[in-house]
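In numbering that gives the first Met the number 0, the protein residues as written are 0 to 263.
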Amino acid sequence: MKNIAKIIDINEENIDELELFCKKTKKKLVGYQNKVKWIKERFKEGLKYKLLIVKEGNKETSRGMIEYIPGEYNWRGIQANGWMVIHCLWVVGKHKKKGYGSNLLQESIKDAKKAGMHGVVGMSADKGGWLPKTKIYLNNGFEKVDEIKPYFGLFAIIFNDKAPKPKFYPISDKKVEEYRKGVHFLYSDQCPYIVDLVDELEKEFNTKNESLNAIKLKNCREAQQNGVHPYGTYCIACNGEITLYKHTTKKEILTFLNKIRVER
């Protein structure tokens, strides 16, 4: 693979020896520990987790990753049985724009072909958040197959033209109505950042004697069909307003919540 040191496959044999990418400097926190347990449970469902390893000076370190899983077991709001679904694709810092993201993406394509799947599918968001931009999919032969406005796109590279195309599960007005009053936080162990955020927020709300309804999604079906947000494993609802999943700190979340409260 051009321009790359190596890609390491994290599996049942080496996961306890090697580190994951997200929150690797905070391995003792609940988010990281829960993520490791979550991945171990997903391996039996066919999940793949691969690290981009680059050399910085005399040291090798991870500066990117990709996580994907057979569509039946995906933790996004995507209906994609028979397809490989990408959960996360990351390259950080000075290693961006060197083709590493495409190298990681090709790993998912290779594994999907080997497994005889219909193709590979992934979400994009061209504004904010943690999802890849549209460009990387288009540059690797993917096409747009669905969207949820204002800016969520679903992209697929298709091996079998006769297979049903993947699509987003619809947003349910009835489900959104359930979150019309109060603050609701949907999350899962799939993202280690969010688990630790929940703990921070609950402490903040308790100090103010306010109520936070933290809803932990316990399986892929709950994530796929959550009915309120395509990202699946993280969103916040405040008085019926659904946030865009992109908040990464307690301060950002509280700013969002205060803004909604003022407007409403």
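Backbone N, C-alpha and C fix where the C-beta goes; we use that ideal spot for every residue, glycine too.
Residue i (DSSP reduced to helix, strand or coil)
i      : result
Phe184 : strand
Val29  : helix
Asp145 : strand
Thr242 : coil
Lys5   : strand
Asn257 : helix
Phe158 : coil
Gly152 : strand
Trp82  : coil
C-beta contact flag for residue i and residue j at 7 Å
i      : j      : result
Ile193 : Tyr233 : yes
Asn212 : His183 : yes
Leu303 : Gly63  : Since the first and last residues shown for the chain are 0 and 263, residue 303 lies out of range.
Leu88  : Pro149 : no
Buried/exposed call for residue i, threshold 16 Cβ in 10 Å
i      : result
Thr254 : exposed
Ser171 : exposed
Lys34  : buried
Asp160 : exposed
First and last residue of the uninterrupted alpha helix (DSSP H) at residue i
i      : result
Ala324 : Because the chain here runs from 0 to 263, residue 324 falls outside it and cannot be looked at.
Glu201 : 191-206
Lys134 : 133-137
Whole-angstrom distance between residue j and residue i, CA atom to CA atom
i      : j      : result
Glu40  : Lys217 : 12 Å
Leu200 : Met122 : 27 Å
Glu221 : Pro165 : 18 Å
Asp8   : Ile147 : 32 Å
Ala236 : Asn57  : 46 Å
Leu137 : Pro163 : 20 Å
First and last residue of the uninterrupted beta strand (DSSP E) at residue i
i      : result
Ser107 : First-last for Ser107: 99-113, but that is the alpha helix (DSSP H), not the beta strand (DSSP E).
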